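Here is the structure we will look at, set down as structure tokens.
Residue numbers (our numbering): 66 to 219.
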């Protein structure tokens, strides 16, 4: 009897452990993609501040910020967006299921951000006058993706 009870307890524990393991933990991917967007926001803030005249234009700082945006745009997105890591499946994200349902559109919009990042990289050290138009291009790329694939803030 004791042997059967031990077996039953072990089997139940294994079953509970397996059920818990069946739920994917996307915390690493979520942190990575949110970190990527924070890096983008910081560097867009540097460039935007200069473009709006809120901070003094600095060619070196502008170029570094633009170079960082290009580097972020080159990060492979697939590993950070596993299926089931959307706002309907887990807490802590605003990523809508449309990212997976319309993945070609999502990746195309990410590509548009990369193109805009290259444009701002080319313009960054050329003076404050060149920042405005390319900031608009970057902002448009960001908005297009957010409008289609990011849930509004609560």
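Glycine included, each C-beta is placed from N, C-alpha and C at the ideal position. Note that the structure is a prediction, hence the values are computed from the model and not measured.
Span of the alpha helix (DSSP H), counted from its first residue to its last, around residue 186: 168-188
8 Å Cβ cutoff met for residue 199 and residue 181: Taking 8 Å as the Cβ cut-off, residue 199 and residue 181 qualify as a contacting pair.
Coil, strand or helix - residue 148 by DSSP: coil
Rounded straight-line distance, which links the Cα of residue 108 to that of residue 135: 11 Å
Exposure of residue 102, with buried meaning 16 or more beta-carbon neighbours within 10 Å: exposed
Nearest-angstrom Cα separation, counted from residue 155 out to residue 87: With a pLDDT of 36 at residue 87, under the threshold of 50, the modelled position of this residue cannot be trusted; read the value that follows with caution. Between residue 87 and residue 155, the C-alpha separation is close to 14 Å.
Beta strand (DSSP E) runs wholly inside the segment 119-147, at least 3 long, in chain order: none
Pair within 8 Å by beta-carbon distance, residue 174 and residue 131: no
Secondary structure of residue 218, DSSP reduced to three states: coil
Among 142, 91 and 93, the one whose alpha carbon lies nearest that of residue 179: The residue from 142, 91 and 93 with its alpha-carbon nearest to that of residue 179 is 142.
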